[in-house]
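Novice:
Residue numbers (my numbering): 115 to 576.
The following block contains the structure:
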């Protein structure tokens, strides 16, 4: 009973509506270990720790076992139930139980006797309308949905660990860079104090140097606060406290740098239709639709009569020594037909509810597919734009560093004021911090694209 599941038609574009700029020799990436492409051993360990210790992922895995148990129950419904029964009783039949008003006859009738019964029983429902088959079909789809939900949760967890780690590395790099900026301003202040003592620099230059130093130092507390927040977030994802994270990875922690993370990946050779087989959330939504479709058949079959068979075969005797003899054999076979007659619309409403749930699953599946397409498109655009931004900021940093060098040379010759040199140093400091932020954002955009594509990709060929 009920409709058979048919895959929904999806009208996705042929391409992502823009040209992929970089071409490279085709190479297959390992989707299961996509985070290893960043080539960071500390990140690899953190991801493995999260996959082992994260409580939400463990709960999702238990849901798979629960769905598997439900499938086993639905599969068992296809077979008969075979049981056993053993009974021993002692009864007294009184003479007054019969309508005979004669004491002599009553005394002859009354008796006390034993009964022993050992038998095997069988009960089986004929699945005439496919109700049991639809139940098993729905349970199997729910199991697959749970497995895909687990893969989706696993992918999200890995992406969260990767992006949080990148953000932490970015803040650490910015903090270390800011310390270098502070040291540079301290050196500049020391030089201006020496010049002032010898009458070679005005007091204004000293105050300007002090102001720039104070401004640089004021950036440090905010960076420390950000670093602490990312450490806590990372520890929560991997199932440890922040101190345990640092203790466990102490040997490698200080050696990993933001600059060491690989950003040399090409854009993917992947068209929108390929998402249907790559994204676990799409696959899970499809299985949810399949399960909802099967439940329509179950609800419709419940409105029809059920035919079942019950039987037994055993041995009955008044003395236990007579059990299992040929004279004590007993058997029985019963056919049963039952069904609803008047239920005041309960089963009809249940069937309508099941069909409405199927319609909801259709809409949810379509929304998941469309959302995945938009997510990947946005991630591709973001990754492309972050590459362009990172390149532009690198060029800006090179330009301001060259400008600072020229101004320092001119200052030594007395051609420019110290204020101009400080302005140039401020520009270099800002550009260097922006360059670190842009690199971190590029790495995060790459991780986001990995996740959006279901983990990893195949590069485009020329």
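Just so you know, even glycine gets a beta-carbon here, dropped at the ideal spot from N, CA and C.
1) Spatial neighbours of residue 117 within its chain, please: CB distance less than 7 Å, with the 5 preceding and 5 following residues excluded, ordered by chain position.
2) Exposed or buried, which one is residue 427 when buried takes at least 16 other CB atoms within 10 Å?
3) Using the rule of at least 16 other Cβ atoms within 10 Å of the residue's Cβ for burial, across every protein chain shown, is residue 256 buried or exposed?
4) Note down the Cα distance separating residue 421 from residue 429, rounded to an integer number of angstroms.
5) Please return the same chain residues whose Cβ sits closer than 6 Å to the Cβ of residue 438, not counting the five positions on each side in sequence.
6) Would you identify the three-state DSSP class for residue 411, choosing helix, strand or coil?
7) So the candidates are 292, 225, 312, 557; which of them puts its Cα closest to the Cα of residue 499?
8) Going by DSSP in three states, residue 565 sits in which element: helix, strand or coil?
9) Please state whether DSSP places residue 472 in a helix, a strand or coil.
10) Could you give the residue range of the beta strand (DSSP E) that holds residue 175?
11) If we count the other Cβ atoms within 10 Å of its Cβ and call it buried at 16 or more, is residue 445 buried or exposed?
12) Rounded to the nearest angstrom, what separates residue 351 and residue 148 at their Cα positions?
13) Give me, in chain order, the residues of the same chain whose beta-carbon lies closer than 8 Å to that of residue 187; leave out the 5 immediate sequence neighbours on both sides.
14) Looking at the unbroken beta strand (DSSP E) that takes in residue 420, where does it start and where does it end?
15) Using the three-state DSSP reduction, which class does residue 449 fall into: helix, strand or coil?
16) Secondary structure at residue 197, three-state DSSP: helix, strand or coil?
17) Whole angstroms is fine: what's the gap from residue 345's alpha carbon to residue 282's?
18) From residue 482 to residue 396, what does the alpha carbon distance come to, in whole angstroms?
19) Thinking residue 326 and residue 516 are a contact (beta carbons under 8 Å), I'd like their distance in whole angstroms, please.
20) Residue 314 by DSSP, collapsed to three states: which one?
21) Quick check: the stretch 262-280 against the stretch 300-316, are at least 3 beta-carbon pairs closer than 8 Å?
22) To the nearest angstrom, how far is it from the Cα of residue 503 to the Cα of residue 529?
23) Leaving out five residues before and five after residue 150 in sequence, what residues of the same chain have Cβ atoms less than 7 Å from its Cβ?
24) Would you list the one or two residues that DSSP bridges to residue 233?
25) How long is the line joining the alpha carbons of residue 236 and residue 455, rounded to whole angstroms?
26) My output table needs one value for residue 204: the three-state DSSP class, helix, strand or coil.
27) Using the Cα positions of residue 562 and residue 548, report the straight-line distance between them to the nearest angstrom.
28) Give a yes or no on whether the C-beta atoms belonging to residue 267 and residue 174 are separated by under 9 Å.
29) Looking only at C-alpha atoms, which of 272, 328, 310 sits nearest to residue 298?
30) What alpha helix (DSSP H) runs, 4 residues minimum, are completely inside the stretch 514-547?
31) Count the CB pairs spanning the stretch 459-474 and the stretch 487-496 that are closer than 8 Å, and state whether there are at least three.
32) Per DSSP, what are the beta-bridge partners of residue 240 in this structure?
33) Output the distance between the C-alpha atoms of residue 451 and residue 564, rounded to the nearest integer angstrom.
34) Pull up the distance between the alpha-carbon of residue 289 and that of residue 494, whole angstroms please.
35) Here's the rule I'm using: 16 or more other beta-carbon atoms within 10 Å means buried, otherwise exposed. How should residue 433 be labelled?
Specialist: Reading off the structure:
1) 407, 410
2) exposed
3) buried
4) 27 Å
5) 429
6) helix
7) 557
8) helix
9) helix
10) Where residue 175 is concerned, there is no enclosing beta strand (DSSP E), although the alpha helix (DSSP H) it sits in stretches over 169-190.
11) exposed
12) 18 Å
13) 253
14) 420-431
15) strand
16) strand
17) 7 Å
18) 6 Å
19) In fact, because the Cβ distance is near 20 Å, the residues do not count as touching under 8 Å.
20) coil
21) no
22) 35 Å
23) 158
24) 199, 428
25) 27 Å
26) strand
27) 20 Å
28) yes
29) 328
30) none
31) no
32) 421
33) 57 Å
34) 30 Å
35) exposed
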